[in-house]
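Colleague: Could you have a look at this structure, given as structure tokens, before my questions?
Number of protein chains: 4
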Amino acid sequence: MENVKVKVAIIGSTGYGGVELIRFLMGHPHVEIVSVISSSSAGEPIADGFPHLSELMVQNLDGVDPQEIAEKADVVFTATPSGVSSKLVPQLLEVGLRVIDLSGDFRIKDRSEYEAWYRHEAAEQKWLDKAIYGLCEINGDLVIGSSFISNPGCFSTTTLLGLIPALNAGWIDPASIIIDAKSGVSGAGRGTSLTTHYAEMNENMKVYKVNKHQHIPEIEQELSLAAGSPVMVTFTTHLVPMTRGIMSTMYAKLQGDYTEEGLISLYREFYAGRPFIRIREAGKWPATKEVFGSNYCDIGFSVDDRTGRVTIIAVTDNVVKGAAGQAIQNLNLMMGWDETTGLKLSPVYP
Amino acid sequence: MENVKVKVAIIGSTGYGGVELIRFLMGHPHVEIVSVISSSSAGEPIADGFPHLSELMVQNLDGVDPQEIAEKADVVFTATPSGVSSKLVPQLLEVGLRVIDLSGDFRIKDRSEYEAWYRHEAAEQKWLDKAIYGLCEINGDLVIGSSFISNPGCFSTTTLLGLIPALNAGWIDPASIIIDAKSGVSGAGRGTSLTTHYAEMNENMKVYKVNKHQHIPEIEQELSLAAGSPVMVTFTTHLVPMTRGIMSTMYAKLQGDYTEEGLISLYREFYAGRPFIRIREAGKWPATKEVFGSNYCDIGFSVDDRTGRVTIIAVTDNVVKGAAGQAIQNLNLMMGWDETTGLKLSPVYP
Amino acid sequence: MENVKVKVAIIGSTGYGGVELIRFLMGHPHVEIVSVISSSSAGEPIADGFPHLSELMVQNLDGVDPQEIAEKADVVFTATPSGVSSKLVPQLLEVGLRVIDLSGDFRIKDRSEYEAWYRHEAAEQKWLDKAIYGLCEINGDLVIGSSFISNPGCFSTTTLLGLIPALNAGWIDPASIIIDAKSGVSGAGRGTSLTTHYAEMNENMKVYKVNKHQHIPEIEQELSLAAGSPVMVTFTTHLVPMTRGIMSTMYAKLQGDYTEEGLISLYREFYAGRPFIRIREAGKWPATKEVFGSNYCDIGFSVDDRTGRVTIIAVTDNVVKGAAGQAIQNLNLMMGWDETTGLKLSPVYP
Amino acid sequence: MENVKVKVAIIGSTGYGGVELIRFLMGHPHVEIVSVISSSSAGEPIADGFPHLSELMVQNLDGVDPQEIAEKADVVFTATPSGVSSKLVPQLLEVGLRVIDLSGDFRIKDRSEYEAWYRHEAAEQKWLDKAIYGLCEINGDLVIGSSFISNPGCFSTTTLLGLIPALNAGWIDPASIIIDAKSGVSGAGRGTSLTTHYAEMNENMKVYKVNKHQHIPEIEQELSLAAGSPVMVTFTTHLVPMTRGIMSTMYAKLQGDYTEEGLISLYREFYAGRPFIRIREAGKWPATKEVFGSNYCDIGFSVDDRTGRVTIIAVTDNVVKGAAGQAIQNLNLMMGWDETTGLKLSPVYP
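Residue numbers (full-length UniProt numbering), protein chains in the order written: chain A, 1 to 350; chain B, 1 to 350; chain C, 1 to 350; chain D, 1 to 350.
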């Protein structure tokens, strides 16, 4: 297997998710990048827009042509916006490609729910039905051998990995969940706006889309599956003046006398054999910089005996575990490789 | 009154609260700074440690001597650490000075509660009984004419101003309150530590003292007064990579069909005539930069019909409304001046 | 004079220079802001785009109509882009307004020089001849009583204040001057671009317009006047990941055995009576934060006996002394007021 | 060779250079880390102080014992402070270890020169004579097969790589060199100080050690070798509010009619076969973020026909090419491996 490399193409190579896929895939022992694709910059060297790739990636950007891609590649990553993937991915699947889609378009199985939150037309139901929701530590078994993965959102990944073990065990009250999420600014993508203008965002903390973020239905869908009954959450997103990193601070009512040590054991057992989850000891909580540039999700706990609530803190790098890293983890699972292949990089610190 | 200036001294002039008092008091029309005091740097020009004050403040720092202070000054600000103020402030009061204390030492009326959270001895009960809790927009009437003010904490100010109107009106369930607070790093003071080391804190978000922060008893004491019954909260503090600014994101169960518009009206009425509180319109929420360098507390709301919860977002500049600015507002009230005197500065933007 | 306020209008109120004019002018004792003007947002409340001004500035933005402005105002600040001011300012002058222009359009007296660097048409020569170059500490006498000021550029101000005394005294070789300038990102204005996109600029240092910056001819024109002969400089501009602040590090060959102490004396004498210039003691150099939010220009020196060169470090806040603050200083001089009126604010620290 | 791994130890594993060595060496195919050593934290798990290494590096820290190290390891990296290495390294060499020293103690061959700049005793001359100055792209041939490398300083690396080709070719006047260097704050190490306190350094730019930085003699020593005659430089260091990155902006008089294209060709030829040097095209200059987290040194040029000077801009990541990365590059050369082994990581962007 080491000798015959899998050929991959990346659509949306000029976004942050795209270049992060390139960063990791360049070091992946079983993969060859055969095409980097951008609808807007086709024909240009990728290093023109991303000088950090100078001499590292000398290919010119290709245009989006499913048939051509199918001739070159085995697997394609679509790091394309919601509303684009819904149309493009079916074409790629139909020409026989395996697809790992990083958009939100195939995460929500209920079309009306999608349309209520995203405010444009959902993908066709048959494709929604085929897409595996690739939250690796939860659905990894379904990913193995599949050919179409919908890669989870950054807030969703961080939040779900932090809540599912406790919810699944019945330790927390599903009706009590409040999620206070914070993100670095790269989560907003490379498109310019006043919100992400340096002089407006530096030395500033903002809240946005309060109770309206499109990751809410995705989180609720997966929490409901874990709880075995419908779950609704209160969810707030904040922009923090840093480039990378998500911290999800989650609050819930405990349904019993559970301790921090108990939660730590529960989570360590739940995630046994899953190398990208690290559970902090009692009294310690993760900081976003401790996962910067890596595929880790680190989790810590505080139980408040006074109020009977637990506070769960989970952090990821939104561009890695929240996007490109998990997408490659899905590729690894899909192909039957060790899930850490090409991803065993230490966080960059400081 | 404009001709005879009130003479003030500042103890703790070499901390961030101290130099911010100097920034505002230099422009205060009714005040003369007669002594800037530091136990550690007495005898040195203040601009040696703070070159931004070069030529603006040429006085040398004085040592701490209550008798001497009383000979020079009418009012003294104590920007001293908790554990120091409890001993020092009574000496200042006993020599006839009016005192505005910025430490946590006189905020909590119950000595055992103080000692449980601060883990050192509380001030004497008689002084605790005398201290007015100077949350201006709530207790302003008590401040007028008083001679001893305990200036509220930065997290407490932001949180209490955000919750009290709704709690007082009975619109939110006192048992449901969760507070997710974020602070710029200046809140940790000028003492160096690995936590506040630039390379560790930049491009990083941290959580600390989860459920253990010493502002919890202060917040609960005041919320209980507003609710008319004991209130306990879940309270988390985060460090954000910026210098100034606090954002308190607060969650509570609504006890009725209240709308954002209703909350906005309630708060605008509650804070009528209080120029430092600004309530955002429906669908808008404040960012910390919008109050940077100023004494404002800006507040916004989101009601989630799906879960029946309200999210309240309040922001302040921790060094101003959370410390020096509110202390001067207390001075103004104490002396019978307009509460905005010397504080009518626009936020610095960008 | 204190009773009858001068009426001012601000064109370009929705840029960073414009809102900074508002911040300072709101506290100016002799000024009334009668109109805030924006061609793009006329009719809207200014706080819609700048929530930090909520309740502080409730006027709606006006459109640009010279006749209307002349009916309301005595003086107008034009914080408009280069290429716009050249056309607009003459109209304002012709209806009898006094004008302080913050653009580059009237700084360079030689039209062909302007056109070579700015690459569009210069203003008419007759207006260029009328404009006083308002570098207050150098040309203050010319500003008094004048009616048309061209306010210097941010890099130019910082650099010229740092070089002119030594050049004028003949202490440095005019042919040897190298200027390495660094700016915070607000200097690029409020218009969005990939360069100023948060995720691209945070944790990054960039160099731009090397040897091509349009402040070069302005600097050379004024240095030539100070030297009494043509001066050409090497000038590089860098973007630093901070919002405000300029540091100009300047290198020149000493034409004699001058010491740091000698330079300090020279500069203190040169700038005697000029409160916004602060000269650091030997062995100390200014940092940008030490002037943040203020109108100061702080200067320090290092003489290298080994190479016979002097290094001069000057810092300003680009939005204040580099733009709005100096414009108000020009207003003060123009009107015969103390030049610090409305500008006596301490730097904001930290 | 791939089967028998070289055993390495790292002294100073709890500094930023140390953990960066760990980050890269964990992925190095020919290396096994057998001991991570810290005099101050011996016995503790390294992840206690560096949670980003949780589960990645589970070894406890060892104490410093040359004999013990020699029993375990083949090569040792000493990421120890200047003044410590001078004593420790000889002991390690004497027990037969190969040493790559990251301190300044063996870089300067002239003991009196070292002592003039470092202000403490220099290492013994015999060890200074043995140490190879490991600037890989210049001295790589000397490194091959050697057993004792003095790894260059961060400012020195960036500056020397930027200047040597032009100086060596005689294109620039050696007497005219001015170096304006800027560094991220991690360059100051992990020890806390007011200078590197977040609230003091954020939104701030500082200049320090003007004409006094200890990298000056190192730079001059190597430039003199390249020029074939003594070179003295003017050198200024600045702290920029970012964690990683060095930019060296260098000015020199051209000794002929050289163009940007000519310089680009000269440098590309000079560095042919050296994969970590990337020369930008004419009109483009590197930004620090374009090498973040990687071992690249990127270089760009601007020739100013007006003044006859060239401006050379070179950037590195101070922790990688300026420390740990180059140290590993030296290991690779020392052992006869491809110099990119274990270092072929893309910069992290954004």
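Glycine is no exception: its CB is placed at the ideal position from the N, C-alpha and C atoms.
If you measure from the beta carbon of Met201/C to each beta carbon in chain B, is any gap under 8 Å?
Modeller: no
Colleague: Across which residues does DSSP place Phe235/C in a beta bridge pair?
Modeller: Ile179/C
Colleague: I need the DSSP call for Gly104/D, collapsed to helix, strand or coil.
Modeller: coil
Colleague: Of all Cβ atoms in chain D, is any one closer than 8 Å to the Cβ of Arg309/C?
Modeller: yes
Colleague: Anything in chain C within Cβ reach of Lys209/B, meaning under 8 Å, just list it in chain order.
Modeller: Those do not exist, as Lys209/B stays about 22 Å from chain C at its closest Cβ, beyond 8 Å.
Colleague: Where does Met247/C fall in DSSP's three states?
Modeller: strand
Colleague: If you measure from the beta carbon of Thr237/A to each beta carbon in chain C, is any gap under 8 Å?
Modeller: no
Colleague: How about Lys182/D and Met247/D: are their beta carbons less than 8 Å apart?
Modeller: yes
Colleague: Looking at chain D, which residues of the UniProt domain "Semialdehyde dehydrogenase NAD-binding" (7-146) of chain B have a Cβ within less than 8 Å of any of its Cβ atoms?
Modeller: Tyr16
Colleague: By the three-class DSSP mapping on this structure, what secondary structure does Asp304/C have?
Modeller: strand
Colleague: When you compare the CB positions of Pro29/A and Gly342/A, do they come within less than 8 Å of one another, or not?
Modeller: Less than 8 Å separates the beta-carbon of Pro29/A from that of Gly342/A.
Colleague: What are the complete beta strand (DSSP E) segments, minimum 3 residues, inside the segment 109-166 of chain B?
Modeller: 148-150
Colleague: So with CB distances below 9 Å, who are the chain A contacts of Asp338/B?
Modeller: Under the 9 Å cutoff, chain A gives no residues; its nearest Cβ is about 30 Å from Asp338/B.
Colleague: Is Tyr349/A close to chain C, meaning its C-beta is less than 8 Å from at least one C-beta of that chain?
Modeller: no
Colleague: Compare the C-beta of Thr234/D with all C-beta atoms of chain B and state if any pair is closer than 8 Å.
Modeller: no
Colleague: What are the residues of the segment 268-281 of chain D that lie near chain A, defined by any Cβ-Cβ distance shorter than 7 Å?
Modeller: Arg278
Colleague: Taking all protein chains shown into account, decide if His120/A is buried (16 or more other Cβ within 10 angstroms of its Cβ) or exposed.
Modeller: Classification for His120/A: exposed.
Colleague: What's the call for Arg23/A, buried or exposed, on a 16-neighbour Cβ count within 10 Å?
Modeller: buried
Colleague: Considering just the uninterrupted stretch of the beta strand (DSSP E) at Glu290/C, what are its terminal residues?
Modeller: Note, Glu290/C: premise wrong, no beta strand (DSSP E); not H, not E.
Colleague: Please classify residue 390/D as buried or exposed, where buried requires at least 16 neighbouring CB atoms within 10 angstroms.
Modeller: Since the first residue shown for chain D is 1 and the last is 350, residue 390/D is missing from the structure and cannot be characterised.
Colleague: Residues of chain D with CB closer than 9 Å to the CB of Ile264/C, please, in chain order.
Modeller: Ordered by position in chain D, no residue passes the 9 Å Cβ test against Ile264/C, which lies about 14 Å from the chain.
Colleague: Taking three-plus beta-carbon pairs below 8 Å as touching, is the segment 31-50 of chain B in contact with the segment 330-340 of chain A?
Modeller: Short answer: they don't touch.
Colleague: Expressed to the nearest angstrom, what Euclidean distance is found between the alpha-carbon atoms of Arg111/B and Met232/A?
Modeller: Taken atom to atom, the span from the alpha-carbon of Arg111/B to that of Met232/A is near 41 Å.
Colleague: Going by the CB atoms, is the gap between Asn211/C and Ser302/D shorter than 8 Å?
Modeller: yes
Colleague: Determine whether the beta carbon atoms of Leu53/A and Val76/A lie at a separation below 8 Å.
Modeller: no
Colleague: So with Cβ pairs under 8 Å, would you call Glu290/D a contact of chain A?
Modeller: yes
Colleague: Would you mind giving the Cβ-Cβ distance between Tyr198/C and Tyr198/A, rounded to the nearest angstrom? I have them listed as a contact below 8 Å.
Modeller: 5 Å
Colleague: Looking at the structure shown, is Ala314/C part of a helix, part of a strand, or coil, going by DSSP?
Modeller: Note: Ala314/C maps to strand in three-state DSSP.
Colleague: Take the Cβ of Gln326/A as the centre, count every other Cβ of all protein chains shown within 10 Å, and call the residue buried at 16 or more, exposed below.
Modeller: buried
Colleague: Is the CB-CB distance between Thr157/D and Leu128/D below 8 Å?
Modeller: no
Colleague: Determine whether the beta carbon atoms of Val99/A and Thr78/A lie at a separation below 8 Å.
Modeller: yes
Colleague: Write down the C-beta distance between residue 351/B and Thr234/A rounded to the nearest angstrom, noting that I regard them as a contact closer than 8 Å.
Modeller: Residue 351/B lies beyond the residue range present for chain B, which begins at 1 and ends at 350; the question has no answer from this structure.
Colleague: My parser needs the beta strand (DSSP E) runs of 3 or more residues fully inside the segment 261-288 of chain C; what are they?
Modeller: For the beta strand (DSSP E) assignment, the uninterrupted runs of no fewer than 3 residues enclosed by the segment 261-288 of chain C are, from N- to C-terminal side, 277-279.
Colleague: Where does Gln214/A land, buried or exposed, given buried means 16+ other C-beta within 10 angstroms?
Modeller: buried
Colleague: If you follow the beta strand (DSSP E) that Phe77/A is in, where does it begin and where does it stop?
Modeller: Start and end: Val75 to Thr78.
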